[in-house]
Amino acid sequence: MNKLIKIFDADFQDLQSLFFISLLLSIPAILLGEYLIIGIPLIVLLMLTLSLGERFIIIIIIVSLFTLVGEVSRTLRPIVYVVDFSLLGYFFLKKYGLNFGAYPQIPKSLQLFLILYFTVMIVSSVMSNYPAAVINVLGRQIALFVIAYVFFSLISSIKDLKLYFNSIYIVAFILVSSSLIAFSNGDVSLLDIFSPNRPRVSAIITNIEASTNFYVVSFPLLICTLLNKKNFSDKKLEYFLLIFFGIGLILTMSRSAIIGITFSTAMIFFILVRKRFYQLLFGIITIGMMFLLLQPLNELLSTFLRIESGMSARDYIWQMSIDMISDHFIFGVGPGAYQYEMFNYFPYMLDDWWGRLFIYFYEVTGGANLSHNFFLTFFTDMGILGLLTAVFLPIVYLRIGIKTLRKYKADLPERYYFIVGLFAAGCSIIIRNLLNSIGLLYVGGIQTDLPFWLIFGSLIYFYRIPLKSSVTTALNN
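Positions in the sequence shown are counted from 1; adding 14 to them yields this note's numbering.
Structure (structure tokens):
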């Protein structure tokens, strides 16, 4: 009899739960009516949030920061920022409160870089003809570092790190999907990719180099995951994502991104599978010789890589920066002042094609430094001390990254391969900054710079925790 009563009580509780869920689902159905289809994604997101909790919200925050604050809707941008930053602040205070002693410490070398960076920035602005121009740049940079630090402080295990970069995969997937839709709606075919006047397609984030940053980060992490897995059946998703992101790379046709991905792939093979490194090197040399010596292939390569456009006016941009440096060698023109000085060094007539193109770059970047080289950007903005600061950042990254690799070399393969992927992804961003200024410290842009600082924060997490502790954490999570 007692068993029967317990079974009845259990069934009654299940009926109560089912009734409650049905009631919740009926409310939006009644309110939305024929527009119910709009509310379905919101309901799904709500249910996932309730079931998965904080980690799912973190995914939403990362994806929205990278996809909803660009050109999708400028009116939506401040709302996304307020909601996302408020949630991050809530999670941080929930975890640490105002116990400042519990806040995670960053390495002293990185602290020194930050002190140097902001000191040089302020000194340069004081000596500039446009001292007020630094206010916007300074505010954006501080916001970037605060957000990066909060993400770093929320890391409790390798699961959190994988959550961050699974979110990056989602962003890259959204970018490729939207670019394919834009490409299909543009009355062009895939064959146009190989034509001299082919389009470069990037949707949601119209800054092509910023959008390709997510492919540059994704490729090395996916390659390391593939190398770690043994069975082909376990690799299907990674292969699909590599192919899919490769399509996005072809649509954008960013040469700096291709160079960055090739470099990171070679680095991964050199560290993990030396034989494949030599095979890759031999393959690149062989294919390069074939394309150089065989005329049809040579023309195809020239068109595909936009060799006919030379350095895409980078040589003129670099010359502008060099001329600017020669006149402002010690302190630079000042952070944020490039927009006021660039027309004094313009290499074109304002009304010719290149002149109009430069003016377009000036407008879409909001007057940001167009030097197309991370080191030239710092040199023009902050003089010789700015150049030293720019050199210091890769040194700090490489020092921490290499020490972390050595520390975990004998550790579990899954974790070591993941760390190698992180390190290679960061190095590829640094390498591509020889041809672009985007991805490290580009006026504090969330879309442009945060992926690198997520990588750096992840490496610092592994760098800081004791090795035995990390193994225990991995086993417990």
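Virtual Cβ for every residue (Gly too), placed ideally from N, Cα, C.
Nearest-angstrom Cα distance between HIS342 and GLY302? Position 328 of the sequence shown, counted from the first residue, corresponds to residue 342. Position 288 of the sequence shown, counted from the first residue, corresponds to residue 302. Computed Cα separation, rounded: 41 Å.
Compare the C-alpha of TYR354 against each of ILE336, VAL231, TYR144, LEU448 and name the closest. Sequence index remark: in the sequence shown, residue 354 carries index 340 (1-based). Minimum Cα distance to TYR354 is reached at TYR144.
Ignore the nearest five residues each way along the sequence and tell me which others in SER225's own chain have a CB closer than 7 Å to its CB. Against the sequence shown, residue 225 aligns to sequence position 211. Once the five neighbours on either side are set aside, the close Cβ partners of SER225 are LEU189, SER216, ILE219, THR266.
Determine, using beta carbons only, whether VAL230 and ALA438 come nearer to each other than 8 Å. Translated into positions along the sequence shown, residue 230 becomes position 216. Translated into positions along the sequence shown, residue 438 becomes position 424. Result no, Cβ atoms of VAL230 and ALA438 do not sit closer than 8 Å.
Are at least three pairs of beta-carbons, each pair with one atom in the stretch 419-432 and one in the stretch 155-165, less than 8 Å apart? no
List the whole-angstrom C-beta distance separating GLU252 from THR239, where the pair is believed to meet the contact cut-off of C-beta under 8 Å. As a position in the sequence shown, residue 252 is number 238, starting the count at 1. As a position in the sequence shown, residue 239 is number 225, starting the count at 1. Contact flag correct, Cβ pair sits at about 5 Å.
Quick check on the DSSP output: the alpha helix (DSSP H) that includes GLY435 runs from which residue to which? By one-based count along the sequence shown, residue 435 stands at place 421. Counting along the chain, the alpha helix (DSSP H) containing GLY435 begins and ends at 427-446.
Please go through the same chain and pick out, in chain order, the residues whose beta-carbon is closer than 6 Å to the beta-carbon of MET141, but skip the five residues on each side of it. Taking the first residue of the sequence shown as position 1, residue 141 is located at position 127. Closer than 6 Å at the Cβ level, and outside the excluded window around MET141, lie PHE345.
Look up PRO480 in the DSSP assignment and say whether it is helix, strand or coil. Translated into positions along the sequence shown, residue 480 becomes position 466. PRO480: coil per DSSP, three-state reduction.
I believe TRP467 touches LEU390 by the beta-carbon criterion, under 8 Å. Please report the beta-carbon distance rounded to the nearest angstrom. Locating residue 467 in the sequence shown gives position 453, counting from the first residue. Locating residue 390 in the sequence shown gives position 376, counting from the first residue. Incorrect: roughly 21 Å between the Cβ atoms, too far for contact.
Through-space distance from ALA186 to PHE392, alpha-carbon basis: Position 378 of the sequence shown, counted from the start, is the residue given in the question as residue 392. Position 172 of the sequence shown, counted from the start, is the residue given in the question as residue 186. Looking at the two C-alpha atoms, the distance is approximately 29 Å.
Thinking C-alpha only, which one of LYS249, GLN125, LEU101, LEU436 is nearest ILE172? Residue 172 sits at position 158 when you count from the first residue of the sequence shown. Considering only alpha carbons, the answer is LEU436.
Ends of the alpha helix (DSSP H) at GLN125? Here residue 125 refers to the residue found at position 111 of the sequence shown. Where GLN125 is concerned, the enclosing alpha helix (DSSP H) stretches over 122-141.
Terminal residues of the continuous alpha helix (DSSP H) containing VAL347? As a position in the sequence shown, residue 347 is number 333, starting the count at 1. Taken as a continuous stretch (DSSP letters only), VAL347 belongs to no alpha helix (DSSP H), as it is neither H nor E.
Can you give me the start and stop residues for the alpha helix (DSSP H) that PRO234 sits inside? Position 220 of the sequence shown, counting from 1, holds the residue named residue 234. Its alpha helix (DSSP H) spans residues 222-242.
Expected contact under 8 Å - CB spacing of PRO121 and TYR411 to nearest Å: Against the sequence shown, residue 121 aligns to sequence position 107. Against the sequence shown, residue 411 aligns to sequence position 397. Wrong, their Cβ atoms sit about 11 Å apart, outside the cutoff.
What do you reckon, are the CB atoms on PHE233 and SER278 nearer than 8 Å? For the purposes of this step, residue 233 is taken as residue 219 along the sequence shown, with counting starting at 1. For the purposes of this step, residue 278 is taken as residue 264 along the sequence shown, with counting starting at 1. A contact, by the Cβ cut-off of 8 Å.
On the DSSP letters alone, give me the boundaries of the alpha helix (DSSP H) that ASN180 sits inside. Residue numbering aside, residue 180 sits at position 166 when the sequence shown is read from its first letter. Run containing ASN180: 172-198, per the alpha helix (DSSP H) assignment.
Are the stretch 242-258 and the stretch 401-410 touching by the rule of at least three beta carbon pairs closer than 8 Å? no
How is PRO118 classed by DSSP in three states: helix, strand or coil? The sequence position of residue 118 within the sequence shown is 104, counting from 1. Correct three-state label for PRO118: coil.
Quick one: is TYR178 buried, meaning 16 or more other Cβ sit within 10 Å of its Cβ, or exposed? Within the sequence shown, residue 178 is the residue found at index 164, counting from 1. Per the 10 Å Cβ criterion, buried.
May I ask which residues mark the beginning and end of the alpha helix (DSSP H) holding ALA518? Outside the shown range of the chain, which is 15 to 491, sits residue 518, and nothing can be said about it.
Between which two residues does the alpha helix (DSSP H) containing PHE80 stretch? Here residue 80 is taken as the residue at index 66 of the sequence shown, counted from 1. 68-81 is the extent of the alpha helix (DSSP H) around PHE80.
Closer than 7 Å by C-beta to ARG446: which residues in its own chain qualify, once you throw out the five before and the five after it? Chain order, please. Residue 446 sits at position 432 when you count from the first residue of the sequence shown. Excluding positions up to five away in sequence, the list reads VAL230, SER270, ALA271, ILE273, GLY274, GLY453.
Under 8 Å, do ILE73 and SER181 count as touching if we go by C-beta distance? Here residue 73 refers to the residue found at position 59 when the sequence shown is read from its first residue. Here residue 181 refers to the residue found at position 167 when the sequence shown is read from its first residue. Result yes, Cβ atoms of ILE73 and SER181 sit closer than 8 Å.
Who are the Cβ neighbours of LEU449 in its own chain at under 6 Å, not counting the five residues just before and after it? Here residue 449 refers to the residue found at position 435 of the sequence shown. Counting only Cβ-Cβ distances below 6 Å, and skipping sequence neighbours, we find SER270.
Between LEU102 and ILE129, is the Cβ-Cβ spacing less than 8 Å? The residue you call residue 102 lines up with position 88 of the sequence shown. The residue you call residue 129 lines up with position 115 of the sequence shown. Not a contact, by the Cβ cut-off of 8 Å.
Tell me whether LYS249 sits in a helix, a strand or coil according to DSSP, three-state version. Reading the sequence shown from its first residue, position 235 is the one you call residue 249. Residue state, collapsed to three classes: coil.
Rounded to the nearest angstrom, what separates GLY397 and LYS289 at their Cα positions? As a working note, residue 397 is residue 383 in the sequence shown. As a working note, residue 289 is residue 275 in the sequence shown. Whole-angstrom Cα-Cα distance: 44 Å.
If you follow the alpha helix (DSSP H) that SER270 is part of, which residue opens it and which one closes it? As a first step, residue 270 must be located in the sequence shown, where it is residue number 256. Run containing SER270: 269-286, per the alpha helix (DSSP H) assignment.
Give me the residue from LEU90, PHE114, GLU68, LEU124 with the minimum Cα distance to LEU473. Residue numbering aside, residue 473 sits at position 459 when the sequence shown is read from its first letter. Checked all of LEU90, PHE114, GLU68, LEU124; the closest Cα to LEU473 is LEU124.
For ALA147, does the count of other Cβ atoms within 10 angstroms reach 16, so buried, or fall short, so exposed? For the purposes of this step, residue 147 is taken as the residue at position 133 of the sequence shown. That one is buried.
Suppose the cutoff is 6 Å on Cβ atoms and the five residues either side in sequence are ignored; what does the same chain contact list for TYR131 look like? Position 117 of the sequence shown holds residue 131. Cβ neighbours of TYR131 beyond the five flanking positions: THR403.
Find the nearest neighbour of ILE444 within the set THR81, ALA280, ASN387, judged by alpha-carbon distance. For this step, residue 444 is matched to residue 430 along the sequence shown. Checked all of THR81, ALA280, ASN387; the closest Cα to ILE444 is ASN387.
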